[in-house]
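Quick notes on the structure that follows.
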Amino acid sequence: MTDSLPTLVDAADRLCEDPAFRDAVWRHLTHRRPDADAGRLRTRIHPGDQMLRHSLRHWGDANLSVSQYYGVALQQHHAARQLLALAHPGGTEGLAILDFACGWGRLLRFLTHSVPPSQVWASEIQQDAVRFVREEYGVSSVPSAFNPDEFRPGRSFDFIWVASLFSHLPDALFRRWLARLLELLTPTGVLCFSVIGERLLPSNVPMPAPGIHFENASEIEELDNRSYGTSFVTEDYVRRAIAAAQGTGAGNAVRIRQGLANEQDLYVVPKDAGRDLGALDRFRRGAWGWVDAVAFDRGVLRLAGWAASLDEGPAESVEIRVDGESSEARVDQTRVDVAQVLGDPRLATSGWSFEKPFARPRIFVEASARNRHGDRALLYAGWLGQPG
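Under numbering that gives the first Met the number 0, the first residue of the sequence shown carries the number 0, and numbering increases by one thereafter.
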């Protein structure tokens, strides 16, 4: 940790516990149960959460880091709940759901507001983390293991979600965990997992012939980097691994390009290798974006960023809420860099900016991207200025 990191962690914790921030997050949460209660939303992030610490080191700013953390969490929940509903069109009542490699609960804090906690199991190799999510969110917990053969939850699951684990595994563990998790599905169950596709492999790094490039480094320093690093994979590699795990000549799976946070690819694999997964064509990545510039100086708020959707191009608009007062920013400015990074030429006009004076020394700012389907993405939330 750097000397400034504890200070940033404290600032992030204060923001997460702020009622204005909780309200902003709640407004962006989709798929809520009818009995879901905003007052029960647990927004604190454990100080040991490596994903938050990674963002704090990168941005050096609590508002940006917490906004990024929650933006990814909300999109992950939106993706997982869509796939759960599309894979089980009869409804989610009674389904057993496993969040495998759940970390410190970035998904679980929301999943338990869209599915009863009694239907959710969490598993994680970090024992402090799995204890935290069990106590914080009221889910059942299952000890994980480095060796897939030693992972024995004692039951099967209708839906297994695995975000950002296979993106860290070397070849042998990738294949073994894939086979083990498929074994744990019910006959109508599906496994959903994310990978880092070859699109993100640096251009000066050649992809090995087998289709997987593994590097001994990750954002979680506590784990052995020989078995938990960073992996880039080709679609052909993943499909061959799925076919081997299913015991079929050609694996049955659906690939959703950049389905997780517009970055990692999602694969949906059924227990039944003959199952039709055509319903997954209705999956939407949703709105996305970022605030690149934030300033509140001499009573003037200035924001700039980008907002888009890989489903349909530039976002319809960006809503700016300041202490509950709503304004709108048009999305029509040139952002060739966004189009290049996300690999979609439609996004070259996804930029936006906003400027407005406020006669208060301190304001709470919330920025949201909205697309034509009505999806919303949290781009930024936090206090700016000094108390009067």
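Note that CB positions come from ideal geometry on N, CA and C, so glycine has one too.
- With a beta-carbon spacing of about 18 Å, Q75 and L94 fall beyond the 8 Å limit used to define contacts.
- Rounded to the nearest angstrom, the Cβ distance from A376 to W287 is 5 Å, consistent with a contact under 8 Å.
- For C191, the enclosing beta strand (DSSP E) begins and ends at L184 to G196.
- The region 364-383 makes contact with the region 299-309, as at least three CB pairs between them are under 8 Å.
- Cβ-Cβ distances below 7 Å link E311 to N370 and R371 in the same chain, with the five nearest sequence neighbours on each side left out; the list follows chain order.
- Under DSSP, D264 forms a beta bridge with V194.
- Taking C-beta separations shorter than 7 Å and ignoring five residues to either side along the sequence, the partners of V114 in its chain run T91 and I96, following chain order.
- Rounded to whole angstroms, the separation of the alpha carbons of G104 and D9 is 19 Å.
- Under the DSSP assignment, G70 falls in the alpha helix (DSSP H) whose first and last residues are A61 to A86.
- Excluding sequence positions up to five before and after A37, its CB lies within less than 6 Å of the CB of W25, all in the same chain and listed in chain order.
- Annotated three-state conformation of W103 is coil, per DSSP.
- Residue range V253 to L259 is occupied by the beta strand (DSSP E) that includes L259.
- V189 is a Cβ neighbour of A86, given a cutoff of 8 Å.
- A84 and A78 have their C-alpha atoms roughly 10 Å apart.
- When secondary structure is reduced to three states using DSSP, L164 falls in the coil class, being assigned neither helix nor strand.
- Around the beta carbon of R334, a 10 Å sphere encloses 16 or more other beta carbons of the protein chains shown; the residue is thus reported as buried.
- Look at R32 here: in three-state DSSP terms it is coil, with no helix or strand label.
- Between R174 and A243, the CB-CB gap stays under 8 Å.
- Under DSSP, the beta-bridge partners assigned to S308 are G312.
- In the structure shown, Q332 adopts extended strand secondary structure according to DSSP, grouped into three states.
- Here G248 is exposed. Its C-beta has fewer than 16 other C-beta atoms within 10 Å.
- If you compare the alpha carbons of P207, D296, A278 and S352 with that of G89, the shortest gap goes to A278.
- In the pairwise beta carbon analysis, the region 269-278 is classified as not touching the region 329-345: fewer than three pairs are separated by under 8 Å.
- Looking from the CA of F156, the closest CA among E214, Q125 and E182 belongs to E182.
- DSSP places T42 outside both helix and strand once states are collapsed to three, so it counts as coil.
- Counting of Cβ neighbours within 10 angstroms places F145 among the exposed residues, the total staying below 16.
- The three-state secondary structure of A216, taken from DSSP, is coil.
- Below 8 Å, enough C-beta pairs join the region 295-304 and the region 352-359 to call them touching: three or more.
- Every beta strand (DSSP E) of 3 residues or more that sits fully in the region 117-166 is shown, in chain order, as 119-123, 139-142 and 156-161.
- Between A72 and A11 a beta carbon distance of about 14 Å is seen, past the 8 Å cut, so the two are scored as non-contacting.
- Spanning the alpha carbons of D170 and R239 requires a straight line of approximately 12 Å.
- The beta-bridge partner set that DSSP reports for S54 is empty.
- Ranked by Cα distance from Q263, the first of T29, S230 and P142 is S230.
- The shortest C-alpha to C-alpha distance from A368 to any of T348, V337 and E318 is the one to E318.
- Using a Cβ-Cβ distance cut-off of 8 Å, the region 11-22 and the region 42-53 are in contact, since at least three pairs of beta carbons, one from each stretch, lie closer than that value.
- Rounded to the nearest angstrom, the gap between the Cα atoms of D98 and R283 is 21 Å.
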